[in-house]
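Under the UniProt record's numbering, think of the first position of the sequence shown as 1, with each following residue one higher.
Encoded as structure tokens, the structure appears first; notes follow it.
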Amino acid sequence: KRAENENKIELPLSDAGGITIKVKIIANHQAHPGHPYAMTFRARDDYFTVYEETWFSTGAGQVRKHGEPLTPSLPLRTVSPFEFSHAAQLLALCRRNGLSVAALMMKNELCRHSPQTLQNYLAQIWDVMQQAVYRGLHTEGVLPGPYQVPRRACALHKTLQANRSASDFLTALNWVNAFAIAVSEENASGGQIVTAPTNGACGIIPAALCWYDKFVTPLEPGALTRFFLTAAAIAMLFKQNASILGSEVGCQGEIGVACSMAAAGLAELMGASVEQTLSAAEIAMEHHLGLTCDPLGGQVQIPCIERNAISAVKAINAATMAMSRVSEPCISLDEIIAAMYETGKDMSAKYRETYHGSLGKIQPRKRG
């Protein structure tokens, strides 16, 4: 923002100092043919461009230089004992080796990390999620941005605390809503959250875990590890075979994938078979097909915050439905991933994070 306002940026070269260069930031509203999230850097002298690079933000904190292959060669990469790129392969490997999805993922991870390192990392992830929930539940006021959207998680939390002894279905439902809204409001206000798999969908997994911890059984480190490893496997399948970006496939790639991750993770904690775990992920995505990404004014607030709450509940329901199913699923996880990707690619650009269609072009009434 400073570079945009002052048209300059300081680059440190050493402890002794650096250089100041002139900059000009140009927002091009035409999508780059290589990727929706693109930034081009041009270095110019007084007359000509002397160097140029374009970089893509491919999701989950990863970037790729234009011209590099989608799957670059990594000669030092550790080979996992159980390689898979599709759900059918994952299922076959689990069956053949008598492993759950979480156990298989654990064996792959132990090729790179010690058990303690992995557990410490996942404990840190859970700690950040819990802190985001706590801050969101205890912070009042309005969210930053032009629409002055009021925070809701704190008020909902106070209502729930006043009826702490209640344990009926609607009370449990409202706790899930409160957890998801709390984290999403933290994201909207610039607070620290966990990308899972994107910032816009960051409230679903924490809400699902908090619900399980409060209403099913207290979470211990082993259960958290199993949940996160299972959710990670589902995220890998979607990222390899479709997309997790709203700019590529609409909100089905963000909220939908988060819901699939949470549903599969919950199923694992509920004692699901591998088939039931993958079915939970499939059910969750099946009911997000076609979901558009059209936040008002580009602010990740409306409908994003409520959408996290709605889909956190969906994740719990998808896991429960998969666990109670006695017939074979008619649609596989691989098929729903392919369907999601096809749907996203067919979706008009107006509904893929451009803010030019549907809710994105509505001008809400300002408060005050």
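Backbone N, C-alpha and C define an ideal beta-carbon position, used for all residues, glycine too.
Bear in mind the structure is a predicted one, so any value in this text is a computation, not a measurement.
The C-beta of Val149 has 16 or more other C-beta atoms within 10 Å across all chains shown, which makes the residue buried.
For Ile125, the closest alpha carbon among the candidates Leu278, Cys259, Val194 is that of Val194. Along the segment 296–365, the alpha helix (DSSP H) occurs as fully enclosed runs of 4 or more residues at 304–324, 333–346, listed in sequence order.
The Cβ atoms of Leu245 and Gly253 sit closer than 7 Å to each other. Setting aside the 5 residues that flank it on each side, Gln119 is surrounded in the same chain by Pro221, Thr225, each with a C-beta closer than 7 Å to its C-beta; the list follows chain order.
Between Leu90 and Val313 a beta carbon distance of about 26 Å is seen, past the 8 Å cut, so the two are scored as non-contacting. Within the model, the alpha-carbon separation for Ala38 versus Arg44 is close to 19 Å. Cβ atoms of Gly136 and Ile181 come within 8 Å of each other, at about 7 Å. The beta carbon of Ala153 sits closer than 7 Å to those of Gly136, Leu137, Ala178, Ile181, Ala182, Glu185, all from its chain and outside the five residues before and after it, given in chain order. Within the DSSP bridge table, the entry for Ser57 names Val63 as partners. Ile26 and Arg42 have their C-alpha atoms roughly 11 Å apart. In this structure, Met340 places its C-beta atom within 7 Å of the C-beta atom of Met285. Distance from the Cα of Val23 is smallest, within the candidate group Thr40, His32, Gly34, for Thr40.
Where Thr230 is concerned, there is no enclosing beta strand (DSSP E), although the alpha helix (DSSP H) around it starts and stops at 221–241. For the pair of segments examined, the segment 289–309 was found not to touch the segment 233–241: the number of CB pairs separated by less than 8 Å stays below three.
The continuous alpha helix (DSSP H) containing Met285 extends over residues 274–286.
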